[in-house]
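Just so we're aligned, residue 13 is where the sequence shown starts under my numbering, counting upward by one.
See below for the structure under consideration.
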Amino acid sequence: MTSLVQGVHHITLCPGGAQQDLDFFTQVLGQRLVKQTVLMDGSIPIYHLYYGNADADVGSIATSFPYSRKPGRAGSGQLSCTSYTVPNGAITFWKDHFDRHQAEHSGVQERFGTKYLRVRHPAGLLFEMIEERGDNRNPWMTKEITRDAATRGFFGAVLSVRDVRDQESFFVDALGFRKVGVDGPYHRFEVPGSGPGRVVDLHVEPERAPGSWGFGAGTAHHIAFNVETDDALVKQKAVYEELGFTDASEIKDRFYFHSMYVRSPGGILVECTANVPGGFYQDEAPEELGTKLHLPPWFEEQREAIVAQLEAITVPEENRPRPGDAPVARPVVAAAQKPMQESKIPLSRTRAAFDADKQTT
Ligand SMILES: [Fe+2]
């Protein structure tokens, strides 16, 4: 089949405390905090923090719901590791860097002929740095992490499954991936095309007990794949339904993008995502990404009550605009996408209602 999916869009995780997560992502993994907002479902205020590369590129964004109110259970049927690309030869730096931060790591490993190094987040989540030539995305740098070592964005992700067969069919038949190899317990799949962030490794762990599915500290919640437009989301939903995955969600408005979810056969929640015009740059200047809490318009009236229930966090100095820096040009994101008001596609959530209300008042 022709793939509607273009690669990984974002990966969403549940750590525990917000500041602990912020410190690990920015200081240990060297990511840029690119957005502070809140969970857009339900009524309990939970941060939604976004981390990415210097340009907040699609395919570099890890998002987290710091969910200290309840532990999750890590296991099979979950995304088990988030994979970043780093320049060839950078693994030694990362090993020393993790040692300096007293972060538990795996030592240098190899799979599919490539070196990698895994590290554990304080909440238990796993990340890995994979050496990859020719990834030209713009890295975020810190005082400790320079251009020759910094992450470029996602290589992809590792998903734990007890049985590979149905999950393989899902990736091939429903999402249009092709299988490119097997290395021990790892089965590798790629989205056809070129460019980074197109790899998923299924890690077959037949004896591993299933992990929890809801929000819970120490577990991954879902992986999201990029599609071009809202129309592609509708087509992807039809593909799921044609194959018998009738539990695909409606299309949800996440303000920075639109989303549609389905539970895949191995247990992993899979989202497909279409950007909206402006993306992460809709509500703040490029040089100010991540520096303030942004709420979607429909939550703005409740700001005081929401903020009162959130853990206070300190944005690292490196994530704040630097005095004297020239303003950065606002990137054009998904300019081909129709503005929301012209979209004929019904959205499940409140942005459409908000726009309608605004027009009648
Ligand atoms: Fe998501």
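Positions of the beta carbon are idealized from the N, C-alpha and C atoms, including for glycine.
{"Item": "Element boundaries [alpha helix (DSSP H), containing serine 181]", "Value": "176-181"}
{"Item": "Around ligand 1, Cβ to any heavy atom closer than 5 Å, ordered along the chain", "Value": "Thr24, Ala236, Glu283"}
{"Item": "Status (buried if at least 16 other CB within 10 Å, exposed otherwise) for threonine 163", "Value": "buried"}
{"Item": "Unbroken beta strand (DSSP E) run spanning glutamine 321, endpoints", "Value": "Note, glutamine 321: premise wrong, no beta strand (DSSP E); not H, not E."}
{"Item": "Through-space distance from serine 76 to glycine 29, alpha-carbon basis", "Value": "10 Å"}
{"Item": "Within the stretch 19-102, ranges of the alpha helix (DSSP H) (whole runs, at least 4 residues)", "Value": "30-35"}
{"Item": "Buried or exposed by the 16-neighbour rule on C-beta atoms within 10 Å, applied to alanine 232", "Value": "buried"}
{"Item": "Nearest to valine 192 (by Cα), restricted to the options Asp185, Phe201, Ala186", "Value": "Phe201"}
{"Item": "Inter-stretch contact (C-beta, 8 Å, three-pair minimum) for the stretch 257-268 and the stretch 209-222", "Value": "no"}
{"Item": "Three-state secondary structure assigned by DSSP to aspartate 265", "Value": "strand"}
{"Item": "Range of the contiguous beta strand (DSSP E) that encloses leucine 281", "Value": "281-287"}
{"Item": "From Val327, Arg159, Asp185, residue whose alpha carbon lies closest to that of alanine 102", "Value": "Arg159"}
{"Item": "Simplified DSSP assignment, three categories, for histidine 113", "Value": "coil"}
{"Item": "Buried or exposed (CB count within 10 angstroms, at least 16 for buried), glycine 196", "Value": "exposed"}
{"Item": "Other residues of its chain near alanine 348: CB distance less than 8 Å, five sequence neighbours each side excluded", "Value": "Its pLDDT being 40, under 50, alanine 348 is placed unreliably by the model, and nothing is read from it."}
{"Item": "Any chain C beta carbon closer than 8 Å to glycine 223", "Value": "Going by chain labels, chain C is absent from the structure shown, which holds only one protein chain."}
{"Item": "Inter-stretch contact at 8 Å, needing at least 3 Cβ pairs: the stretch 221-231 / the stretch 80-88", "Value": "yes"}
{"Item": "Buried or exposed by the 16-neighbour rule on C-beta atoms within 10 Å, applied to glutamine 294", "Value": "exposed"}
{"Item": "Contained alpha helix (DSSP H) runs [length at least 4] in the stretch 159-238, N- to C-terminal order", "Value": "176-181"}
{"Item": "Pair within 8 Å by beta-carbon distance, cysteine 284 and alanine 169", "Value": "no"}
{"Item": "Touch test, the stretch 314-330 against the stretch 38-57, Cβ-Cβ under 8 Å, three pairs minimum", "Value": "yes"}
{"Item": "Valine 251 - DSSP class collapsed to helix/strand/coil", "Value": "helix"}
{"Item": "Helix, strand or coil at arginine 332 [DSSP, three-state]", "Value": "coil"}
{"Item": "Span of the beta strand (DSSP E) around valine 131", "Value": "126-132"}
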